[in-house]
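In full-length UniProt numbering, the protein residues as written are 1 to 568.
Cβ atoms here follow ideal geometry from the backbone N, Cα and C, with glycine treated the same way.
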Amino acid sequence: MYALALATDYDGTLAENGVVSDATRAALGRLKETGRKLIMVTGRELADLASVFPELGIFDKVVAENGALVYTPASKEERILAPAPPAEFVDRLMMRKIAPLSIGRSVVATREPNETIVLEVIKDLGLELEIIFNKGAVMVLPSGVNKATGLAAALEDLELSAHNVVGIGDAENDHAFLRAVGFGVAVANALPKVRETAGHVTNGARGAGVRELIEGLISHDAALLDTARQRIEIGADDGSGAVMQLSPRGGGVLLAGTSGIGKSTLATALTERFVEQGFQFCVLDPEGDYEELEDVLVVGDAKSPPSSREIFDLLSKPSNNVAVNMLGIKTAERPNAFAKLLPELAALRARTGRPHWLIIDEAHHLLPHARDGTSFALPKSLSATILVTVHPDLVSRDVLAGVDTVLALGPEADKVVESFCAAIGEGVPPGVVPPPENKVLHWNRSTADPARPISIERPRQERKRHIRKYAEGDLGDNSFYFRGADRKLNLKAQNLMMFLHIAEGIDDRTWEHHLRAGDYSAWFRDQVKDQGLAEEAAVIEDDDSLDPHRSRAAIAEAVHRRYTAPAD
1 MYALALATDY DGTLAENGVV SDATRAALGR LKETGRKLIM VTGRELADLA SVFPELGIFD
61 KVVAENGALV YTPASKEERI LAPAPPAEFV DRLMMRKIAP LSIGRSVVAT REPNETIVLE
121 VIKDLGLELE IIFNKGAVMV LPSGVNKATG LAAALEDLEL SAHNVVGIGD AENDHAFLRA
181 VGFGVAVANA LPKVRETAGH VTNGARGAGV RELIEGLISH DAALLDTARQ RIEIGADDGS
241 GAVMQLSPRG GGVLLAGTSG IGKSTLATAL TERFVEQGFQ FCVLDPEGDY EELEDVLVVG
301 DAKSPPSSRE IFDLLSKPSN NVAVNMLGIK TAERPNAFAK LLPELAALRA RTGRPHWLII
361 DEAHHLLPHA RDGTSFALPK SLSATILVTV HPDLVSRDVL AGVDTVLALG PEADKVVESF
421 CAAIGEGVPP GVVPPPENKV LHWNRSTADP ARPISIERPR QERKRHIRKY AEGDLGDNSF
481 YFRGADRKLN LKAQNLMMFL HIAEGIDDRT WEHHLRAGDY SAWFRDQVKD QGLAEEAAVI
541 EDDDSLDPHR SRAAIAEAVH RRYTAPAD
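Here it is, written out as structure tokens:
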């Protein structure tokens, strides 16, 4: 399931003249039986609501007083989200003989046309209060308190994201929460402006409209929510101007290209779109490439393996995005560590719909072809999962079969698509040619459209060089080996700090052998992927006037300056 909760207004939506019909009660029960949550979002005070609808126990949460109070029927716990109304304000309204007048835990309620007097009192006392209308009702609350803020508090308790909630309402005070949910619906009797706010208007009025929505939810689930609110824009087709989008209810995404071509930059751009749209994401990061990503909490580092408990404690809050840094795990052990995480991630997604997006970097390493036939605990559709890889042909065939969208980068993008098609036993689509420079080849398998080059906006945050990965991590197969002219040594430097440590202790002959062969600059360029450091090292390698002591010192100085100096 993707639509995991229904949030409904009471008066004029669930109820007619304050009464909920037997048919509507039965529909709520059917929805509850599917495992979905029920949340009531109302302007009524709690005691008043309980008097007209004693069956509150069917709801998991009740947001009352227009967002100022959250009530949990199962435990009878009340949580006040806003301060009580100022005594001086209430006294002044009573002196002005406002009627009707109801004083809740936070809300003060009356009816039109008393709003004129209420506003005068607010101004006279200099209070930061806000008037909210609801089909003739006038509610006064602290500024910033509304149904959307109350619903957000209830969803945090339930560990749900608003993206996975369908909301339905009818009146002015429903605008805020209908805009906040993943899919906002208005009943047929809703005010015209509310119908404009909603993404859908039911054919039925009041309870009939709610029943109509419930049957649609049970029958169609995520398909009902396939709206612009749920999609992210990834780029535009230069030819037609068509906007390319990704949806969490679509299949997986393959993001592939040769090394150093910009895959992580594109992945970073996608995370920015997720943040803008309020989607939670989790990055599985074998090499620490996303350690400095904005809006992300990192678990694990070069010295400490990521803790499963910490990962899921953080993910339990919908507003947290998490990068799982696996540098502290030995290279050969990372696929197994990843495989252990997947069942827990799948269980969290089944229960909460989150994280909405998974990004699996170095997918050929974490989901290798050798594991075909075994369970990765991912949904068969591989929905909302982005596979980042240099070698799509080395990724598990079972996993590749769930890919719906291919984003191929670089001058060999056509070969990337061909490699993917060969791996899954599918014909190459039309239009597969290398894209122009700075374009990405986009192909959606679920449509008959040909592959086409698209323009993608670069991320606001240019990906920084991730110092710890190269300075302190384990580069695995990309390590440097001091072997010497006679190849009698096999000293492994798995990172730059170990490189300097070994360099300081080896004999001059071994040091000079690699220096004059240009091995240091080649390693910096090809494995550490630091062109600037490689160029500095090449100058030192070519300088015959430097003895072993001075060349060692010069290389060490360049590394320390770039990797251990304080950040600007």
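Next item on the list: Could you please give me the residues that DSSP links to LYS492 through a beta bridge?
Entry: TYR481
Item checked: Candidates VAL296, GLY250 and PRO368: closest to THR405 by CA position -> GLY250
Check: What does DSSP give as the partner residues of LYS409 in its beta bridges?
Finding: Rather than Lys, the amino acid found at residue 409 in this sequence is Leu. Looking at the DSSP assignment, LEU409 forms a beta bridge with GLY257 and VAL440.
Check: Hey, TYR290 and ALA323: beta-carbon distance below 8 angstroms or not?
Finding: yes
Next item on the list: Could you check what DSSP says for residue 592 in three-state terms: helix, strand or coil?
Entry: The structure shown does not extend to residue 592, since the chain spans only 1 to 568, so no value can be given for it.
Margin query: Quick check: the Cα distance between ARG465 and GLU287, rounded to an integer number of angstroms?
Written below: Because ARG465 carries a pLDDT of 44, less than 50, the predicted location of this residue cannot be relied on, and the following value inherits that uncertainty. About 12 angstroms.
Check: Between GLY427 and the rest of its own chain, which residues show a CB-CB distance below 6 angstroms, the 5 nearest in sequence each way excluded?
Finding: none
Notebook entry, point to check: Three-state secondary structure (DSSP) at ARG463?
Noted result: With a pLDDT of 46 at ARG463, under the threshold of 50, the modelled position of that residue is not reliable, and no figure is offered here.
Notebook entry, point to check: DSSP on LEU500, reduced to helix/strand/coil?
Noted result: helix
Note to self: Just to confirm the assignment, what range does the alpha helix (DSSP H) spanning GLN531 have?
What the structure shows: 531 to 542
Item checked: Under 8 angstroms between C-beta atoms of GLY184 and GLY207 -> no
Notebook entry, point to check: Tell me, which residues are paired with CYS282 by DSSP?
Noted result: VAL322 and LEU358
Check: What residues match up with GLN245 in a beta bridge as DSSP calls it?
Finding: GLU233
Note to self: Just to confirm my understanding: we take ALA554, look at its own chain, exclude 5 residues before and 5 after, and list those with CB closer than 7 angstroms. What are they?
What the structure shows: ILE540 and LEU546
Item checked: Residue burial classification, LEU125 (beta-carbon count within 10 angstroms, cutoff 16) -> exposed
Note to self: With H, G and I counted as helix, E and B as strand and the rest as coil, what does DSSP make of PRO192?
What the structure shows: helix
Item checked: Other residues of its chain near LEU284: CB distance less than 8 angstroms, five sequence neighbours each side excluded -> VAL324, MET326, PHE338, LEU341, LEU358, ILE359, ILE360, ASP361 and LEU366
Check: Which whole-angstrom value is the C-beta distance of ALA87 and ALA109, which I expect to be below 8 angstroms?
Finding: Rounded, the Cβ-Cβ distance is 17 angstroms, inconsistent with contact.
Margin query: I'd like to know if the region 262 to 282 and the region 407 to 427 are in contact, where contact means that at least 3 CB-CB pairs between them fall below 8 angstroms.
Written below: yes
Check: With 16 other CB atoms within 10 Å as the buried threshold, where does SER106 fall?
Finding: buried
Next item on the list: Return helix, strand or coil for THR227, following the three-state DSSP convention.
Entry: coil
Check: Among GLY43, ARG452, LYS32 and LEU158, which has the Cα closest to the Cα of GLY241?
Finding: ARG452
Check: What runs of the beta strand (DSSP E), each 3 residues or longer, lie entirely inside the region 386 to 431?
Finding: 403 to 409
Margin query: Taking the beta carbon of HIS364 as the centre, do at least 16 other beta carbons fall within 10 Å, making it buried, or is it exposed?
Written below: buried
Next item on the list: Look at the Cβ atom of VAL63, then the Cβ atom of GLY150, and state whether they are nearer than 8 angstroms.
Entry: yes
Next item on the list: Assign HIS560 to one of three DSSP states: helix, strand, or coil.
Entry: helix
Next item on the list: For SER551, count neighbouring C-beta atoms within 10 Å of its own C-beta (all shown protein chains included) and say buried if the count is 16 or more, exposed if not.
Entry: buried
Next item on the list: Would you mind giving the Cβ-Cβ distance between ILE424 and LEU400, rounded to the nearest angstrom? I have them listed as a contact below 8 angstroms.
Entry: 5 angstroms
Notebook entry, point to check: Closest to GLY43 by CA distance: which of LEU56, LYS61, ARG30 and ASN146 is it?
Noted result: ASN146
Next item on the list: Drop a sphere of 10 angstroms on the beta-carbon of THR389, count the other beta-carbons inside from all chains shown, and report buried for 16 or more, exposed for fewer.
Entry: buried
Next item on the list: Measuring alpha carbon to alpha carbon, tell me which of PRO318, ALA3 and GLU437 ends up nearest ALA153.
Entry: PRO318
Margin query: Using 8 angstroms for Cβ pairs, my map puts GLU65 next to GLU45. What's the rounded Cβ distance?
Written below: 6 angstroms
Check: Which whole runs of the alpha helix (DSSP H) in the region 90 to 159 are 4 residues long or more, in chain order?
Finding: 115 to 125 and 147 to 158
Item checked: Burial state of ARG562, where buried means 16 or more other Cβ atoms lie within 10 Å -> buried
Note to self: Using CA atoms only, rank isn't needed, just tell me which of LEU213, GLU115, ASN114 and PHE279 is closest to ALA384.
What the structure shows: PHE279
Check: Start and end of the alpha helix (DSSP H) containing TYR520?
Finding: 519 to 526
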